[in-house]
Amino acid sequence: MSATKTAPAGRQVNVLFVCLGNICRSPMAEGVFRHVAASHPLIDRIDSAGTGAYHAGESPDHRTMTTLRSHGITRYVHAARKVTKEDFLTFDYLMAMDKYNLRDLQETRESVLASAKKSGAKVAEVRLFGDFGPGGALHERIGGGEVVQDPYYGGVNGFKEVYEQVTRFSQNFIDYLEKNQGSESEN
1383 MSATKTAPAG
1393 RQVNVLFVCL
1403 GNICRSPMAE
1413 GVFRHVAASH
1423 PLIDRIDSAG
1433 TGAYHAGESP
1443 DHRTMTTLRS
1453 HGITRYVHAA
1463 RKVTKEDFLT
1473 FDYLMAMDKY
1483 NLRDLQETRE
1493 SVLASAKKSG
1503 AKVAEVRLFG
1513 DFGPGGALHE
1523 RIGGGEVVQD
1533 PYYGGVNGFK
1543 EVYEQVTRFS
1553 QNFIDYLEKN
1563 QGSESEN
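Numbering-wise, my numbering comes out as the position in the sequence shown, counting from 1, plus 1382.
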């Protein structure tokens, strides 16, 4: 995989959170990140998508929404969608929730990268969201960080755990951006 791409000084970044169906983990991450990064000068666009289109057009799982509301995140609205090749050109970071999502995104990124090189377009960095550790530290190996387990087939405690993870990772990612703002690197 290629070197880390960070936003040039003064430029905001766009972040897309990705899980399998876009109804549990990635919308939870999007809702939490919107809350954590509200009005943050480094953040522009925030969205979420799934690697599959199983739930396209549906609202997030009711347990996701209940968990968000229980933490004061009450204005979040989302309709599930599948990640597109255009997302790799629109967003600066695509954050996978688990290693399967990461693999799918990396494969798609490679095909986008091949055509983007011809046009000179920048292509999003694909990371495991759990690669962002405390204090803005970044796991050395892409995908070597913590996985966000899919809570879909479990109980409400799984959703609480996802909330705790994505809250921690959101702050870690903000710390990472603040520490690395202005770093230059290639796709």
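Yeah, the Cβ is synthetic: ideal placement off N, Cα and C, and Gly gets one too.
CB residue i to CB residue j, shorter than 8 Å?
| i | j | result |
| --- | --- | --- |
| V1529 | V1465 | no |
| L1398 | D1513 | no |
| V1418 | L1559 | no |
| K1481 | G1518 | no |
Per DSSP, what are the beta-bridge partners of residue i in this structure?
| i | result |
| --- | --- |
| V1508 | L1476 |
| G1432 | C1401, K1464 |
| F1514 | L1520 |
Reducing DSSP to helix, strand and coil, say where residue i ends up.
| i | result |
| --- | --- |
| V1459 | coil |
| E1522 | coil |
| R1407 | helix |
| E1412 | helix |
| V1395 | strand |
| D1426 | strand |
| A1389 | Here A1389 scores only 45 on pLDDT, less than 50, and its place in the model is too uncertain to base an answer on. |
| M1383 | Residue placement at M1383 is flagged as unreliable, the pLDDT there being 33, under the threshold of 50; a coordinate-derived value is accordingly withheld. |
For residue i, report the span of its alpha helix (DSSP H) as first-last.
| i | result |
| --- | --- |
| Y1482 | 1481-1501 |
| D1557 | 1538-1562 |
Query raised in the report: Do three or more CB pairs link the segment 1505-1518 to the segment 1462-1482 at distances below 8 Å?
Result: yes
Query raised in the report: Would you say the segment 1435-1445 touches the segment 1393-1409, given that touching needs at least three Cβ pairs under 8 Å?
Result: yes
Query raised in the report: Can you find at least 3 beta carbon pairs, one from the segment 1454-1464 and one from the segment 1483-1491, that sit closer than 8 Å?
Result: no
Query raised in the report: Are three or more beta carbon pairs between the segment 1447-1454 and the segment 1534-1552 nearer than 8 Å?
Result: Pairwise C-beta distances place the segment 1447-1454 in contact with the segment 1534-1552, as three or more of them are shorter than 8 Å.
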